[in-house]
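Scroll down for the structure; my scribbles are underneath it.
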Amino acid sequence: MTELEEKQANCPYCHEPYNQLMEAEDGSKVAISTTSKENCLRMISYESYVYTADINYCPRCGRKLSD
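Following the numbering used here, the numbering of the sequence shown begins with 9 at its first residue and continues without gaps.
This is the structure in structure tokens:
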């Protein structure tokens, strides 16, 4: 296993425990959400609004999310 493959296999952002990618000063949070039907970035604002954007790759490790 290459160093990149190992990093991707152990990425805590696109595998359990799905760590937050970031948290803004206002309390908004961004994390990856993966299901059998979608892979997306999910932002939950401090006002409890939810925004999503479809993604194909993990923005931290570069792993293709359909793998």
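Glycine is no exception: its CB is placed at the ideal position from the N, C-alpha and C atoms.
What you are looking at is a predicted structure, and each value in this text was computed from that prediction instead of being measured.
Item to check | Nearest residue (CA-CA) to serine 56, options Tyr21, Val38, Ser44 | outcome: Val38
Checklist entry - Roughly how many angstroms lie between the CA atoms of methionine 9 and asparagine 18, to the nearest whole one? => result 12 angstroms
Item to check | Cβ-based neighbour list, arginine 68, same chain, cut-off 8 angstroms, excluding 5 preceding and 5 following | outcome: Within its own chain, the residues whose Cβ lies closer than 8 angstroms to the Cβ of arginine 68, once the five positions on either side in sequence are excluded, are Cys19, Tyr21, Cys22, Leu29, listed in chain order.
Checklist entry - Nearest to alanine 61 by CA position, among Gly70, Gly35, Cys48, Lys72, is which residue? => result Comparing Cα positions, the closest option is Cys48.
Next on the checklist: Can you tell me whether leucine 73 is helix, strand or coil according to DSSP?
Outcome noted: coil
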